[in-house]
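Novice: The structure that follows is given in the form of structure tokens.
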Amino acid sequence: MTSAVFPGTFDPPTNGHLNIIDRGSKLFDKLDVVVAFNPNKSHLFSPEERLELLRELTKDYKNVTVHLWDKLIVEYAEKNNANILLRGIRNTNDFAYEFDLSLLNHSLDSKIETLFLPTEAKYGIVRSSSIKELAKFGGDISGMVPKIVEEAIKSKYKG
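Residue numbers (the UniProt record's numbering): 1 to 159.
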């Protein structure tokens, strides 16, 4: 059985994330979506809120599960018998960052391989930070995030 891990902060979950999850679910027998969180960083959504949003968004995938993790992702992979980290990339900047990170992860655990999956072109400009900024000023984010995420973001910026 091929098992992979798709880690990220997912703050918020985007249509681009869901595209990688959908495509990854077809490539692997098991795909763990791992909501990484660092208690020293601030986020729009709590780890638990991100977990629940992603669980709702992936509920129809039989081979996808969603988990929280606050340690090194290679430790999660080892603990859960996964040897592939799935990473979505939008552009060369993402690739440079993810490439360096893959080297670091591989040095921490040589059994871990990173697989890069380029995003579909329509998601190339979808960035969590841009979505939050746009929403904060009342911009239209409906094409960038699922409806339940859009509603959750709007409720965060009310009042």
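Using N, Cα and C, we set each Cβ at its ideal position, and we do this for glycine too.
Please identify the residue among Lys79, Glu78, Ile73 whose C-alpha is closest to the C-alpha of Arg87.
Specialist: Ranking the options by Cα distance to Arg87, first place goes to Ile73.
Novice: Identify, in the order they occur along the chain, each residue of the same chain with its Cβ nearer than 7 Å to the Cβ of Tyr157, setting aside the five sequence neighbours on each side.
Specialist: Counting only Cβ-Cβ distances below 7 Å, and skipping sequence neighbours, we find Ala135, Lys136.
Novice: Span of the alpha helix (DSSP H) holding Asp32?
Specialist: Looking at the DSSP string, Asp32 is not in any alpha helix (DSSP H); the run it does join, the beta strand (DSSP E), is 30-36.
Novice: May I ask you to list the residues that DSSP assigns as paired with Glu113?
Specialist: Ile84, per the DSSP bridge assignment.
Novice: So, for Tyr123: in the same chain, excluding its five sequence neighbours on each side, which residues have a beta-carbon less than 8 Å away from its beta-carbon?
Specialist: Closer than 8 Å at the Cβ level, and outside the excluded window around Tyr123, lie Thr14, Asn15, Gly16, Asn19, Arg90.
Novice: Would you report the Cα separation of Ser155 and Asp140, rounded to the nearest angstrom?
Specialist: One C-alpha to the other measures close to 14 Å.
Novice: Would you mind sorting Gly143 into buried or exposed? The rule is 16 or more other CB atoms within 10 Å of its CB.
Specialist: Its Cβ having fewer than 16 others within 10 Å, Gly143 is exposed.
Novice: Note the first and the last residue of the continuous alpha helix (DSSP H) segment covering Ala152.
Specialist: 147-157 is the extent of the alpha helix (DSSP H) around Ala152.
Novice: How many whole angstroms separate the CB atoms of Val35 and Val66, which I take to be in contact at a CB cut-off of 8 Å?
Specialist: About 7 Å; that satisfies the 8 Å criterion.
Novice: Quick one: is Ala4 buried, meaning 16 or more other Cβ sit within 10 Å of its Cβ, or exposed?
Specialist: Ala4 is buried by the Cβ-count criterion.
Novice: Could you name the residues of the same chain whose beta carbon sits closer than 8 Å to that of Ile131, not counting the 5 residues immediately before and after it, in chain order?
Specialist: The residues are Pro12, Thr14, Ile141, Met144, Val145, Ile153.
Novice: Roughly how many angstroms separate the alpha carbons of Asp29 and Thr2, rounded to a whole number?
Specialist: The straight-line gap from Cα to Cα measures roughly 5 Å.
Novice: Does chain B have any CB closer than 8 Å to the CB of Glu75?
Specialist: Going by chain labels, chain B is absent from the structure shown, which holds only one protein chain.
Novice: Locate the alpha helix (DSSP H) running through residue 216, then write down its first and last residues.
Specialist: Residue 216 is absent from the structure shown; the chain starts at 1 and stops at 159.
Novice: Tell me, which residues are paired with Gly8 by DSSP?
Specialist: Gly8 is bridged to Val35.
Novice: Out of curiosity, what's the CA-to-CA distance linking Leu44 and Glu52?
Specialist: If you take the alpha carbons of Leu44 and Glu52, they lie about 14 Å apart.
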